[in-house]
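All residue numbers for the sequence shown refer to my numbering, where the first residue is 1002 and numbers rise by one.
Just so you know, even glycine gets a beta-carbon here, dropped at the ideal spot from N, CA and C.
Here is the structure we will look at, set down as structure tokens.
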Amino acid sequence: MLRFDPFNEIEAMTRGLLTSQTGTDRSPRFMPMDLYKVEDHYVLTADLPGVDPGSIDVNVDNGTLTLTAHRSARSEDSVQWLTSERFFGTYRRQLALGEGIDTAKISATYENGVLTVTIPLAERAKPRRIEVTRSGESKPIEPTTIEAG
């Protein structure tokens, strides 16, 4: 369904490490997420605490799902920082969607700092039972149970 892009993660981690000084502009290191399948759809949840819901963008283009969000920096210039561990800036995550996804029905919600994206399977990708008929007959063959013994 989804493929991991290691180069995007390495780039984000390197950028975060190079700009991790206290009290300076620091971009987010990563967007932690979970991905799981439930029946006929996938669910992606991403932790985005403190993000303005209006800054969240979920986009599908040419088989790639892109999640983007922004958390603004505190604007207190006269502050003497003792510790500055919270990241601010733009979070971005891209995932390649596999075949069989209904991209027109992808939906997203944001609640309590968690972005939830529901990614449904296309009808053609859902498992289905195929009836077996005998040659020359239109009546389906009834399945039988064979008992061991």
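{"query": "Looking at the structure shown, is residue 1123 part of a helix, part of a strand, or coil, going by DSSP?", "result": "coil"}
{"query": "Output needed for residue 1066: all residues of its chain with C-beta closer than 6 Å, excluding positions within five of it in sequence on either side, in chain order.", "result": "1096 and 1098"}
{"query": "Take every Cβ of the segment 1058-1077, pair it with every Cβ of the segment 1035-1044, and state whether three or more of those distances are shorter than 8 Å.", "result": "no"}
{"query": "How far does the beta strand (DSSP E) with residue 1072 in it reach, from first residue to last?", "result": "1065-1072"}
{"query": "Nearest by alpha-carbon distance to residue 1115: which of 1084, 1039 and 1049 is it?", "result": "1049"}
{"query": "Can you tell me which of 1033, 1072 and 1107 puts its alpha carbon nearest to the alpha carbon of residue 1052?", "result": "1072"}
{"query": "So for residue 1090, helix, strand or coil by DSSP?", "result": "strand"}
{"query": "Tell me the start and end of each unbroken beta strand (DSSP E) in the segment 1093-1118 that is at least 3 residues and wholly inside, in chain order.", "result": "1108-1112"}
{"query": "Flag this pair as yes or no: are the beta carbons of residue 1087 and residue 1069 separated by less than 7 Å?", "result": "no"}
{"query": "Are there 16 or more other CB atoms within 10 angstroms of the CB of residue 1033, so buried, or fewer, so exposed?", "result": "exposed"}
{"query": "Looking at C-alpha atoms only, which residue of 1058, 1039 and 1036 is the closest neighbour of residue 1111?", "result": "1058"}
{"query": "List the endpoints of the continuous beta strand (DSSP E) containing residue 1044.", "result": "1042-1048"}
{"query": "Ordered along the chain, which non-local residues of its own chain (more than five positions away) have a Cβ less than 7 Å from that of residue 1123?", "result": "1101, 1102 and 1103"}
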